[in-house]
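Last residue of the sequence shown? That's 236 in our numbering, and every number before it is there in order. Note that beta-carbon positions come from the ideal geometry of N, C-alpha and C, so glycine has one too. Predicted, not measured: the structure shown is a model, and the values here were computed from it.
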Amino acid sequence: MRFAAIADIHGNDLALEAVLADIAAHGLSDIVNLGDLLSGPLNARLTADLLMDLDLPTIRGNHDRWLAETAPEEMGLSDRAAWSELEPHHLDWLSDLPATMVYAGEVFLCHGTPASDTTYWLETVSGPAGATMAARGTIREALGDVGEPLVLCAHTHIPRAVRLPDGPLIVNPGSVGCPGYEDDHPVPHIMQTGTPDASYAILDKGPRGWSVTFRQVPYRSVDMARLARERGRPDWARALETGWIDP
C-alpha cells in the first residue's frame, strides 16, 4: 500500500498543482487531505474548485470549520479573505467534511490531535522563537485510544515523523501552501520551515510496517507572494518567498 498525504494548502493553488504533479510523477493516484484548505489571502475559490473536482478523502481543519461556522465579521483576516471569494456550495462542502477519518482501514487522519483541531501535537511552543518537538509522554497521551498503526496529522505546518515505542508512526506531512505563520495561541509565536517549497509526504507499507518520505517541491512561490503583497499581507508574502517569518 502506497499513498500521498497533503495538508494545509491555505488557498495556494499553484503550490497544490505542483504537488499534484509531483505525486503523479511518482506513480501515485491515492491521496489523503488533512485540512486547512482555503484560509488565506490567495486563491480560495480556485483551490476549492480544484479540490472538489478531485474528491479526495478529506478531513476539515480548524480554519475550514471557522469558515463554515463563523460569521464573517468575527473572522480573522485570512479567513475573511478566503470567505469573500467563496460561494454557498463551497461552504456547504466545508461543512460536510468530517473532523477525523480512518482511511483504508488502518490509517487515522486528524488535523491537530485526534481530539482537537486547534492543538499542536508533535510540537510545543513556549515563546516567540517557535517550536520544539513535544515530549514523548505528551504525544502518547494525545493519541488517546486511537489504535491504527499509522496516524496522520497537520496544523503546525512542520514536516515531522514520530514513531512511538510499541505504538504507531505519527506523521505530519507539512504544509502545501503556507511555509510560515505567526499565531497567538497558546502564546505568541512563529512557525517557519525555512523553505518556500511546497511540502507533502509519501507513505509506504512494507513488510516491516509503515515508512515515510517527505517531499519538498519548488513552484512559482514568488507569484503567490506577489499576490499576497497586492492584497495587503506582507507577512504572508515574506513567508511565501522565503519560508521564514522573522526578518
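For residue i versus residue j, is the C-beta spacing smaller than 9 Å?
i: T59; j: L26; result: no
i: A190; j: G163; result: yes
i: P103; j: V151; result: no
Between which two residues does the alpha helix (DSSP H) harbouring residue i extend?
i: E95; result: No alpha helix (DSSP H) contains E95, which DSSP labels as neither H nor E.
i: A226; result: 223 to 231
i: D42; result: 33 to 43
Quick one: what's got a C-beta closer than 8 Å to residue i's C-beta in the same chain, skipping five residues either side?
i: T145; result: Y109, W110, L111, E112, A120, N161, M180
i: R156; result: It is worth fixing the name first, because residue 156 is Gly in this sequence and not Arg. Excluding sequence neighbours, G156 sits near R129, L132.
Between which two residues does the beta strand (DSSP E) holding residue i run?
i: E171; result: 169 to 172
i: N22; result: 20 to 22
i: I12; result: Counting along the chain, I12 falls outside any beta strand (DSSP E), though it belongs to the alpha helix (DSSP H) covering 2 to 14.
Only counting the same chain, and skipping five residues up and downstream in sequence, which positions put a Cβ closer than 7 Å to that of residue i?
i: L86; result: T47, I48, R49, D53
i: T184; result: P168, Q205, G232
i: M41; result: W82
DSSP three-state call for residue i: helix, strand or coil?
i: L139; result: strand
i: D106; result: coil
i: L(-9); result: A quick correction: the sequence has Arg, not Leu, at residue -9. Note: R(-9) maps to strand in three-state DSSP.
i: S73; result: coil
i: A88; result: coil
i: I234; result: coil
i: V176; result: coil
Please go through the same chain and pick out, in chain order, the residues whose beta-carbon is closer than 6 Å to the beta-carbon of residue i, but skip the five residues on each side of it.
i: N238; result: What the structure shows of the chain is the stretch from -10 to 236, and residue 238 is not part of that stretch, so it cannot be assessed.
i: A(-4); result: L23, A143, P162
Identify every residue that forms a DSSP beta bridge with residue i.
i: N161; result: R149
i: L192; result: F(-8), V201
i: H52; result: Note: H52 sits in no beta bridge, so no partner.
i: E112; result: M122
i: V211; result: DSSP lists no partner for V211.
Using a Cβ-based criterion (distance less than 8 Å to any ligand heavy atom), does residue i qualify as near the ligand FMN?
i: A104; result: Ligands displayed in this structure: none; no statement on the ligand FMN is therefore possible.
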